Amino acid sequence: MRLYHAVTNRPPWGPKEHLRRVDATLLECGSVPLPDLDVGAFALEEDGDHYTRKEYPCFAAQLAHAIRFTRHPLIVSDSTIDWHNYDANGDRTGWASDVLRRALSNQCVVDVVCGSGFVARAAQDEHFYTRVSKHLRTNRDITDVVILGGWNDEGRTQEACHAIPRLVSLVQRH
Numbered sequence: 012m013r014l015y016h017a018v019t020n021r022p023p024w025g026p027k028e029h030l031r032r033v034d035a036t037l038l039e040c041g042s043v044p045l046p047d048l049d050v051g052a053f054a055l056e057e058d059g060d061h062y063t064r065k066e067y068p069c070f071a072a073q074l075a076h077a078i079r080f081t082r083h084p085l086i087v088s089d090s091t092i093d094w095h096n097y098d099a100n101g102d103r104t105g106w107a108s109d110v111l112r113r114a115l116s117n118q119c120v121v122d123v124v125c126g127s128g129f130v131a132r133a134a135q136d137e138h139f140y141t142r143v144s145k146h147l148r149t150n151r152d153i154t155d156v157v158i159l160g161g162w163n164d165e166g167r168t169q170e171a172c173h174a175i176p177r178l179v180s181l182v183q184r185h
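Going by the numbering used here, the letters in the sequence shown line up with residues 12 to 185, in that order.
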């Protein structure tokens, strides 16, 4: 089993030093970047942080293409995916996760939490390690893990870079 990751230090959210360090740590630990996934290729909402609802299916299709070689990946992300899982009233619809699942012919697990990261949302037990660990213990169909995130760990770069080797090791042990 391998860990794959979206390169974080790209526009629209990079370049930034903390993202460079996150990407470098992922590489050093053996995570595989997804060069076919260009996180900056899609129009953003007015907030400048999230894909528009119109562009999100294009992003999901590009992500599906970038991980086409995996059989049944676990995709763990932050609001990159989770943002459009909610309607205008704030009710969870799961729309964005469903779009991604369909792009991968339902041969994946999607676990997304707005605001999460390698250490972001650790106090709520919603950071990447905890979520990946839970799925790997309970779902034997998972063949690989794909991480999209790290942007929410700004201001906690050292902690995030310390957490990454543990996450990579967890994935490699399975």
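Think of the CB as a built atom: it goes at the ideal place given N, C-alpha and C, for glycine as much as any other residue. Computed from a prediction, not measured in an experiment: that's the story for all the values here.
Looking at residue 130: is its Cβ nearer than 9 Å to the Cβ of residue 87?
no
Three-way DSSP call (helix, strand, coil) for residue 175 in this model:
helix
Alpha carbons only, please: which of 72, 19 and 172 is nearest the one belonging to residue 114?
72
To the nearest angstrom, how far is it from the Cα of residue 31 to the Cα of residue 148?
31 Å
Distance between residue 47 and residue 74 (C-alpha atoms, nearest Å)
8 Å
Suppose the cutoff is 8 Å on Cβ atoms and the five residues either side in sequence are ignored; what does the same chain contact list for residue 59 look like?
23
Using 8 Å as the Cβ pair cut-off and three pairs as the minimum, do the segment 134 to 146 and the segment 96 to 113 touch?
no
How many Å lie between residue 83 and residue 57 at the Cα?
34 Å
Quick one, are the C-beta atoms of residue 85 and residue 20 less than 9 Å apart?
no
Would you kindly work out how many angstroms separate the C-alpha atoms of residue 125 and residue 163, rounded to a whole number?
9 Å
Out of curiosity, what's the CA-to-CA distance linking residue 55 and residue 168?
25 Å
Per the DSSP calculation, residue 44 is bridged to which residue(s)?
16
Suppose you measure from the CA of residue 171 to the CA of residue 102; what does that come to, to the nearest Å?
30 Å
Is it right to say residue 134 is buried, meaning 16 or more other beta carbons lie within 10 angstroms of its own, or is it exposed?
exposed
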